[in-house]
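Just so you know, the protein sequences line up as chains C and S, in that order.
Position 112, counted from 1, in the first sequence is what my numbering calls 114; the numbers after and before it change by one each time, with no gaps.
Position 99, counted from 1, in the second sequence is what my numbering calls 101; the numbers after and before it change by one each time, with no gaps.
The beta-carbon is built from N, C-alpha and C at its ideal position, and this holds for glycine as well.
Following: one structure in structure tokens, then a few remarks.
Number of protein chains: 2
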Amino acid sequence: MDDKLMLMIPGPTPVPEQVLLALAKHPIGHRSGDFSQIMAEVVDGLKWLHQTQNDVLILAASGTGAMEAGIINFLSPGDRVLVGSNGKFGERWAEVCQAYGLTVESVTAEWGKPLDPEQFRTALEADTAQQIKAVIVTHSETSTGVLNDLQTISSFVKGHGALMIADAVTSLGATSVPMDEWNLDVVGSGSQKGFMLPPGLGFVAVSPKAWAAYAHAKLPRYYLDLGKYRKDAAKNTTPFTPPVNMFFALQVALKMMRAEGLENIFARHQRQMNATRAAMKAMGLPLLAADGYGSPAITAVAPINVEAEKIRSIVRKRFDIAMAGGQDHLSGKIFRVGHLGFVSDRDILTAISALEAALQELSYEGFVPGTGVTAAAKALAAG
Amino acid sequence: MDDKLMLMIPGPTPVPEQVLLALAKHPIGHRSGDFSQIMAEVVDGLKWLHQTQNDVLILAASGTGAMEAGIINFLSPGDRVLVGSNGKFGERWAEVCQAYGLTVESVTAEWGKPLDPEQFRTALEADTAQQIKAVIVTHSETSTGVLNDLQTISSFVKGHGALMIADAVTSLGATSVPMDEWNLDVVGSGSQKGFMLPPGLGFVAVSPKAWAAYAHAKLPRYYLDLGKYRKDAAKNTTPFTPPVNMFFALQVALKMMRAEGLENIFARHQRQMNATRAAMKAMGLPLLAADGYGSPAITAVAPINVEAEKIRSIVRKRFDIAMAGGQDHLSGKIFRVGHLGFVSDRDILTAISALEAALQELSYEGFVPGTGVTAAAKALAAG
């Protein structure tokens, strides 16, 4: 049905009406007191969301642009970096490093499995000459729905002395990413995820230790030069024309998030992940990520004896719900349900009931109609 | 008065209601047939606006990000580039080149004066070894309101063989930039100018000759790697999550532009520039750019015996009209009136009458009240 789309993909995510209406305001000049007031307020909100006293910089870019900025501002050609890779985004950060002539060493795990923190410890302990300058880890791997143990990995990185660069694109706003407590040096994210905003803004938070590395980092950059953003942020402005309407929207979204409260936001995502996972199990659909490693932002399902793409297609065509497919070698083999950002418990019930309808239509063997919604409802009630 | 702001700055520019409402639509997934349809339509519209058969790529970035992409994708470290510099943006492209280790030679003119095409001819003819790989010229210099003679400079570049990289950020949509006819190889622009959109999108058009250079260009890039955008554009998609709401808005804005027609759009900007310049002269306010070199996008005024910032402040505070100040060494010495994008003849009369009121309040010597509006009206009527 036209105009009735429901987004259950891991970005873009649903956007609240008041945020959409803020987007539709007439732009203002970005070299104005009015803009600076908004910028001061949203930067304050971003620090709250990152649980940090560090700088949080705002770019007109996607999450990839933000992460690239978070890498190239702190390193020099030939620098050795350790990259965690257990999905499309981990692989992407290795590609970014290679594009800039960094020396990449990878800690890998199969797609769908979590990174093993011990492998980071081993690699870092072996690097007695401290040649590894940065460790890059994707917290919530969007391509597989795996949540990596960023906290533990970061504790090993702190012992070593390298920079800890975290991709929090789908974890920030879905689960706690306490930048200061976890000693993260760089945290990158994008607006179309937990922020309840459309795509268009990237965020990079930077620790004092990372700024110290910036001072002698030699990779070339201009538009993504975070030093320029820091310098202008001190005056509550930006070096290049910012997407002012997205700032209006960010202002509203952060107000909503603060009203809900961090703990409530994280509990909601956890509850909805639990409900989604319980429902999949009840319906006989195998989860890609094992229990304990699921991302509160997204659940990936790897069906057997029924085609993932057929399920996704029915849900889309009959019920106007967009779920995501698999990426790269998982294309056609999994489907992914986003439960990230502006998602209510009702949305989870809705998505599960649509999946039930699809499984019925496909005569999926062993599936007992009603079990998915029942399990989801139970998990949601358990909180 | 709150919520009554009128933008007469060179970006962000006013945005039509139907474009704002498109921004407020619920996002859709970017890996969907619906998005691909929009992308196909807007790329077609962008080619029409650029008067080209070449690729036009869409980035989540400001105009500076688009221009940086337009430079770094086609060059290698140490390459020699010739940069036209007669204002803040010409200087910025030289800075971008320097940040990437290119060898920069500049053709300069005083801020407010046009670049001399003959100096480009001389420099290019002297380069018999064809070491100059690219020439970078800002068409409409936003900082001064000067329109450089891009067509003539480009004709010399064609004779030499270097790439012609044009900053059309404030000229595209305000005056004709016929990419194919003028043999431009790269054209960069941004959404918050002639496009009648908020900031948030950057555009880069690329000729086959530039793509040939891309094949062996070695400057590092990832987010700004235009090859990735070209590859995905062939499938009507983007390599990184695009600002889908801005695509909705772009679709509407391009429809409006096509309905008005290129010739009418250019004639409107020319007429409004003529009226603005005629009014300034009639009010005794000196223009920064000489006749024949004014930009149809923006008029810079360098008042004598009255402070530019006082004029700007009265117009802002009493009449809610935002005009721009000077940048860098022209700060405090000039003010700039944007007449770019969604600007009607009424807006010109409004801006001039507010300037008249400010000059009256400041008891500006020699100013005869009524002369500005009278001159503007006459020029607007002349077409």
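CB of C:GLY202 to nearest heavy atom of the ligand ADP: below 6 Å? Questions concerning the ligand ADP fall outside what the structure shown contains, since it holds no ligand whatsoever.
For C:LEU186 and C:GLY67, which I take to be in contact (beta-carbon distance under 8 Å), what is that distance rounded to the nearest angstrom? Taking a contact as a CB-CB distance under 8 Å, the pair C:LEU186 and C:GLY67 does not count as one, their CB atoms being some 19 Å apart.
Hey, out of C:THR110, C:TRP113, C:ILE74, C:ALA111, whose CA is closest to C:CYS99's CA? C:ILE74
Would you identify the three-state DSSP class for S:LEU84, choosing helix, strand or coil? strand
Could you tell me whether the Cβ of S:PRO200 comes closer than 7 Å to any Cβ of chain C? yes
Could you tell me which uninterrupted alpha helix (DSSP H) segments, each at least 4 residues in length, are contained entirely in the stretch 85–165 of chain S, listed from first to last along the chain? 90–101, 119–128, 152–162
Classify C:THR124: buried if its beta carbon has 16 or more other beta carbons within 10 angstroms, exposed otherwise. exposed
Report the residues of the stretch 28–51 of chain C with a CB closer than 9 Å to any CB of chain S, ordered along the chain. HIS28, PRO29, ILE30, GLY31, HIS32, ARG33, SER34, ASP36
When you check each C-beta in the stretch 221–237 of chain C against every C-beta of chain S, which residues fall closer than 9 Å? For the stretch 221–237 of chain C, the set of residues with a beta-carbon nearer than 9 Å to any beta-carbon of chain S comprises LEU221, PRO222, ARG223, TYR224, TYR225, LEU226, ASP227, in chain order.
Cutoff 7 Å: S:THR66 Cβ touching any chain C Cβ: Chain C contact via Cβ: present.
S:ILE30 to C:ALA168, Cα distance in whole Å? 27 Å
Can you tell me where the alpha helix (DSSP H) with S:GLY72 in it begins and where it stops? 65–74
For C:GLN132, count the other beta carbons within 10 Å of its own beta carbon; 16 or more makes it buried, fewer makes it exposed. Which is it? exposed
Quick check on DSSP: helix, strand or coil for S:PHE268? helix
Quick check: what's the CA-CA separation for S:VAL317 versus S:LEU332? 19 Å
Report yes if the CB atom of S:PHE76 is closer than 7 Å to the CB atom of S:LEU165, and no otherwise. yes
Nearest-angstrom Cα separation, counted from C:ILE60 out to C:GLY229: Approximately 12 Å between the Cα atoms of the pair.
Taking the alpha carbon of C:THR146 as the point to measure from, which residue in C:PHE91, C:ALA63, C:GLU70, C:ALA235 has its own alpha carbon closest? C:PHE91
Mind pulling the chain S residues with CB within less than 7 Å of C:PRO245? Listed along the chain, the chain S residues whose CB falls inside 7 Å of the CB of C:PRO245 are PRO200, PRO201, GLY202.
I'd like to check one pair, C:LEU364 with C:VAL308: are the Cβ atoms closer than 7 Å? yes
Which residue comes first and which comes last in the beta strand (DSSP E) that contains S:LEU9? 8–10
When you compare the CB positions of S:PRO12 and S:THR144, do they come within less than 7 Å of one another, or not? yes
What is the residue span of the beta strand (DSSP E) that S:GLY327 lies within? 323–327
Can you give me the Cβ contacts of S:ALA111 inside the same chain, cut-off strictly under 6 Å, excluding the 5 residues immediately before and after it? Spatial neighbours of S:ALA111 in its own chain (CB-CB distance under 6 Å, excluding positions within 5 residues in sequence) are listed in chain order as ASN88, LEU117.
Taking the continuous alpha helix (DSSP H) assigned at S:LEU361, which residues delimit it? 347–363
If the cut is a Cβ gap below 8 Å, which residues of chain C does S:ALA26 touch? Here the neighbours are LEU22, LEU23, LEU25, ALA26.
Interface residues of chain C around S:PRO288 at Cβ under 9 Å? Listed along chain C is no residue with a C-beta nearer than 9 Å to that of S:PRO288; the closest approach is about 23 Å.
Is S:ILE59 helix, strand or coil when you go by DSSP? Here residue 59 of chain S turns out to be Leu, not Ile, going by the sequence shown. Correct three-state label for S:LEU59: strand.
C:ASP129 to S:GLY327 span [Cα, whole Å]: Whole-angstrom Cα-Cα distance: 54 Å.
Can you pull the chain C residues whose beta carbon is under 9 Å from the beta carbon of S:LEU9, in chain order? HIS28, PRO29, ILE30, GLY31
If you draw a straight line from the C-alpha of C:VAL206 to the C-alpha of C:MET69, how long is it? 7 Å
Can you list, in chain order, the residues of its chain with a C-beta nearer than 6 Å to that of C:ASP347? Leave out the 5 residues immediately preceding and following it. LEU382
Which residues share a DSSP beta bridge with S:ASP169? S:THR140, S:GLY190
Nearest neighbour of C:PRO18, chosen from C:THR172, C:ALA255, C:LEU152, C:GLU127 [CA to CA]: C:ALA255
Cross-strand partners of C:ILE300 (DSSP beta bridge): C:SER297, C:GLY340
Ignore the nearest five residues each way along the sequence and tell me which others in S:LYS160's own chain have a CB closer than 8 Å to its CB. These residues qualify, in order along the chain: MET166, ASN185.
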